[in-house]
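Q:
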Amino acid sequence: MKEIILPSGVHVKVWQKIKLGTFKSFSDLQMEAEKRFIFCYHSKELLKESEFAVADNEELISLTKITIADLQIGENRRYLDICSKAENLGLGICSIEVPLQLCIQGPNYPNHAYVNIAINPIRHGGGSNLLNIFRLGGYHNRPALDTRNVIELPDGNPFPLQDSEEIVFSIMS
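Heads up, the sequence shown is in our numbering, so the first residue is 1 and it goes up one at a time.
1) Under 8 angstroms: do the region 35–53 and the region 75–87 share three or more Cβ pairs, one atom per stretch?
2) Could you check how far apart the C-beta atoms of residue 58 and residue 13 are, in whole angstroms? I think they sit under 8 angstroms.
3) Looking only at its chain, what residues have a beta carbon closer than 7 angstroms to the beta carbon of residue 100, apart from the 5 residues adjacent to it on each side?
4) So, do the region 36–45 and the region 142–151 have three or more beta carbon pairs nearer to each other than 8 angstroms?
5) When we look at the beta-carbon of residue 113 and count the other beta-carbons within 10 Å, is it buried (16 or more) or exposed?
6) In or out: residue 7 buried (at least 16 other Cβ within 10 Å) or exposed?
7) Provide the residue(s) that pair with residue 12 in DSSP beta bridges, ordered along the chain.
8) So, are the CB atoms of residue 116 and residue 166 less than 8 angstroms apart?
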């Protein structure tokens, strides 16, 4: 893994490089990803309920995988605070295309070893007050796309992320 020094002076390792913008539509991307990954119920529902777009042009991006402990946030592990800290270090929130492209271009995942993808949280429909992000991992010996609750509205109560949980951010260039 190649190591990069962010403008903040923090060292991160490139975990994966993926190409965005390789599909003409989000539905084409989703269909291809579903050929390779099990889409757990909540992830399918989230993707059905919203309109998403893919990048207009092909672009190679670098991703890093870090633990919550790596960010040294302490007791305050709310998702939005985690993302803010990562952005201050020079990392970026991933587009909604990233989790699906990782299904196609990314590594295989061991059973029950999940990695969270830092995206703008998506509200689950049906009157739910939960905001979710996606996570990739192994489920019944197959790669799976699942969701992770991170915020409950309207008061913003967090679902805390544990120190050992890994989260993927894009590396800003």
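A virtual CB, placed ideally from N, CA and C, is assigned to each residue, including glycine.
A: Taking the coordinates as given:
1) no
2) The count along the sequence shown starts at 1 and reaches residue 58 at position 58. The count along the sequence shown starts at 1 and reaches residue 13 at position 13. Incorrect: roughly 24 angstroms between the Cβ atoms, too far for contact.
3) On the sequence shown, residue 100 is found 100 positions in, with the first residue counted as 1. The answer, listed in chain order, is 29, 30, 33.
4) yes
5) The sequence position of residue 113 within the sequence shown is 113, counting from 1. With fewer than 16 Cβ atoms within 10 Å of its Cβ, residue 113 is classed as exposed.
6) As a first step, residue 7 is located in the sequence shown; it is residue number 7 there, counting from the start. Exposed.
7) The residue labelled residue 12 in the question sits at position 12 within the sequence shown. 4, per the DSSP bridge assignment.
8) Against the sequence shown, residue 116 aligns to sequence position 116. Against the sequence shown, residue 166 aligns to sequence position 166. The answer is yes: Cβ separation under 8 angstroms.
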